[in-house]
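Peer 1: The structure's right below; bear with me while I get my questions together.
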Amino acid sequence: MPAIKTVGIVTKHNLPEARKLASDAATFLKKLKVKVFLSGRISKEDLIKKCDLILVLGGDGTFISVARRMIARSVPLLGVNMGQLGFLTEVKKSEMYQALHAALKGELQVSHRTMLECSLTRNGKLISKNPIVNDIVVSRGAIARIFDLQVLVDDLLVTNMKADGLIISTPTGSTAYCLAAGGPIVAPNVPAMAIAPICPHSLTLRPLIIPDTSVIKLVPDCRGGSVILTLDGQTSLDIKTGDVIKITKYKKHPLKILHSLERDYYSLLREKLKYGYRD
Numbered sequence: 000m001p002a003i004k005t006v007g008i009v010t011k012h013n014l015p016e017a018r019k020l021a022s023d024a025a026t027f028l029k030k031l032k033v034k035v036f037l038s039g040r041i042s043k044e045d046l047i048k049k050c051d052l053i054l055v056l057g058g059d060g061t062f063i064s065v066a067r068r069m070i071a072r073s074v075p076l077l078g079v080n081m082g083q084l085g086f087l088t089e090v091k092k093s094e095m096y097q098a099l100h101a102a103l104k105g106e107l108q109v110s111h112r113t114m115l116e117c118s119l120t121r122n123g124k125l126i127s128k129n130p131i132v133n134d135i136v137v138s139r140g141a142i143a144r145i146f147d148l149q150v151l152v153d154d155l156l157v158t159n160m161k162a163d164g165l166i167i168s169t170p171t172g173s174t175a176y177c178l179a180a181g182g183p184i185v186a187p188n189v190p191a192m193a194i195a196p197i198c199p200h201s202l203t204l205r206p207l208i209i210p211d212t213s214v215i216k217l218v219p220d221c222r223g224g225s226v227i228l229t230l231d232g233q234t235s236l237d238i239k240t241g242d243v244i245k246i247t248k249y250k251k252h253p254l255k256i257l258h259s260l261e262r263d264y265y266s267l268l269r270e271k272l273k274y275g276y277r278d
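The sequence shown lines up with residues 0 to 278 when you count with numbering that gives the first Met the number 0.
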């Protein structure tokens with residue numbers, strides 16, 4: 000990893016403890032002759048343009064809010080958990096200074112995570128195109144009711160499903176909503192996408208793992224109620240009948256996440272999800 004001369008700090012909104020820790024981190028870094036930019040004084044997009052490293056003080060939602068802006072370039076992210084589960088913000092508050100010092104010395108391992116790209120087309124016109132860190136969800140709006148959704152992979156029909164919704168997940172997102180919906184845990188270095196139905200109207204419709212080189216197309220039938228496309232749990236779009244949702248691997252660059260010296264991915268599974276624990 001190139002030398003770190005500039006660090007951006009992003010904090011969780013309305014959390015005084017995070018703002019205090021950000022101030023302390025800035026003081027620590029400035030003593031080491033590192034230039035610091037604080038979110039709020041500069042946009043997240045400009046942080047990504049200017050910085051060699053971004054320190055995120057918050058939960059996974061705060062982390063994703065930065066990660067999904069890695070469009071023009073990919074800046075390594077170091078997450079300090081100020082929330083609850085903190086699967087992406089894996090560094091504990093007590094470990095922050097040690098982790099920062101190790102990052103500046105180039106001692107932290109960098110995980111390169113696959114991102115997806117989701118585009119929405121209506122009547123042949125591109126409505127939106129976004130990079131995805133965790134997942135794409137197609138679901139009903141205010142009324143909980145099943146709807147029809149055609150699922151194609153590489154222009155081959157997978158199924159015409161009836162369900163409450165569908166999740167398309169990256170390996171990184173496999174431990175989030177996808178897992179809650181009964182999907183598999185996918186190790187972050189596996190080049191794959193997960194397709195997980197939400198409460199399908201058939202017991203034969205099970206989660207599916209496909210290569211991340213595939214192209215997924217979703218064609219929802221919105222008759223009988225609203226259908227919503229949700230991106231990383233942070234952006235939502237209303238879907239109309241005839242819309243085509245296309246999902247591919249984000250090809251510009253992977254997401255770069257710096258890891259704590261104290262734990263690896265499988266220790267995270269044991270620590271955060273109690274994986275394999277018995278009463």
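Heads up, the beta-carbon is just placed ideally off N, CA and C, and yes, glycines get one too. These numbers were taken from a predicted model, which means no experiment stands behind them.
May I have a chain-ordered list of the beta strand (DSSP E) segments no shorter than 3 residues that lie completely inside the region 155-213?
Peer 2: The region 155-213 contains these whole beta strand (DSSP E) runs: 155-168, 191-199, 207-210.
Peer 1: Would DSSP call E94 helix, strand or coil?
Peer 2: Helix, per DSSP.
Peer 1: Assuming R112 and P253 form a contact by the criterion Cβ under 8 Å, report the distance between their Cβ atoms to the nearest whole angstrom.
Peer 2: Indeed they touch by this definition, with Cβ atoms about 6 Å apart.
Peer 1: Since D147 and N129 should fall inside the 8 Å C-beta cutoff, what is the C-beta to C-beta distance between them, to a whole number of angstroms?
Peer 2: Not really, about 24 Å apart at Cβ, beyond 8 Å.
Peer 1: Please confirm whether L127 and L119 have their CB atoms less than 7 Å apart.
Peer 2: Going by the sequence as given, residue 127 is Ser instead of Leu. Yes, the pair counts as a contact, with Cβ atoms nearer than the cut-off.
Peer 1: Just to confirm before moving on: does the CB-CB distance between V152 and I209 stay below 7 Å?
Peer 2: Yes.
Peer 1: Measuring CB to CB, does T5 end up less than 7 Å from L56?
Peer 2: No, the Cβ-Cβ distance between T5 and L56 is not below 7 Å.
Peer 1: Kindly indicate the opening and closing residues of the beta strand (DSSP E) around E270.
Peer 2: Element bounds for E270: not the beta strand (DSSP E) but the alpha helix (DSSP H), 264-272.
Peer 1: Along the chain, which unbroken stretches of the alpha helix (DSSP H) at least 4 residues long are found entirely within the region 114-147?
Peer 2: The qualifying runs do not exist here; there are none.
Peer 1: Are there three or more Cβ pairs, one per stretch, closer than 8 Å when the region 80-87 is compared with the region 261-272?
Peer 2: Touching, yes.
Peer 1: Beta-carbon separation of V137 and G164 under 7 Å?
Peer 2: It is a contact, given that the beta carbons lie within the stated cut-off.
Peer 1: If you check the beta carbons only, do I167 and I194 fall under 7 Å apart?
Peer 2: Contact: yes.
Peer 1: Let's test the definition: count the other Cβ atoms within 10 Å of the Cβ of Q72 and tell me whether it reaches 16, buried, or not, exposed.
Peer 2: It is worth fixing the name first, because residue 72 is Arg in this sequence and not Gln. Exposed, because fewer than 16 other Cβ atoms sit within 10 Å of the Cβ of R72.
Peer 1: Using the Cα positions of L260 and L107, report the straight-line distance between them to the nearest angstrom.
Peer 2: So the alpha carbons of these two residues sit roughly 7 Å apart.
Peer 1: Rounded to a whole number of angstroms, what is the C-alpha to C-alpha distance between P183 and A98?
Peer 2: If I take the Cα positions, the gap works out to 30 Å.
Peer 1: Would you kindly work out how many angstroms separate the C-alpha atoms of D154 and R222, rounded to a whole number?
Peer 2: Taking the straight line from one Cα to the other gives about 24 Å.
Peer 1: Look up V65 in the DSSP assignment and say whether it is helix, strand or coil.
Peer 2: Helix at V65.
Peer 1: Just to confirm before moving on: does the CB-CB distance between L77 and Y249 stay below 7 Å?
Peer 2: For L77 and Y249, no; Cβs fall outside 7 Å.
Peer 1: Does the distance from the C-beta atom of D231 to that of R67 stay below 7 Å?
Peer 2: Yes, the Cβ-Cβ distance between D231 and R67 is below 7 Å.
Peer 1: Tell me, to the nearest whole angstrom, how far the beta carbon of A2 is from that of M81; I am working on the premise that it is less than 8 Å.
Peer 2: Not a contact, Cβ separation roughly 28 Å.
Peer 1: From the DSSP secondary-structure annotation, give me the bridge partner or partners of L28.
Peer 2: Answer by DSSP bridge pairing: none, since L28 is not bridged.
Peer 1: When DSSP labels each residue in this structure, what does I70 get in the three-state scheme?
Peer 2: Three-state DSSP puts I70 in coil, outside helix and strand.
Peer 1: Can you check DSSP and say which residues form a bridge with F36?
Peer 2: Answer is G7, bridged to F36.
Peer 1: Got a sec? Which residues, its chain only, sit under 8 Å from Y276 by beta carbon, not counting five neighbours each side?
Peer 2: These residues qualify, in order along the chain: R269.
Peer 1: Which same chain residues end up closer than 7 Å to S173 when comparing Cβ atoms and leaving out the 5 residues on each side of it in sequence?
Peer 2: Excluding positions up to five away in sequence, the list reads G182, P183, I184, V185, A193.
Peer 1: Taking all protein chains shown into account, decide if V214 is buried (16 or more other Cβ within 10 angstroms of its Cβ) or exposed.
Peer 2: Under this definition V214 is an exposed residue.
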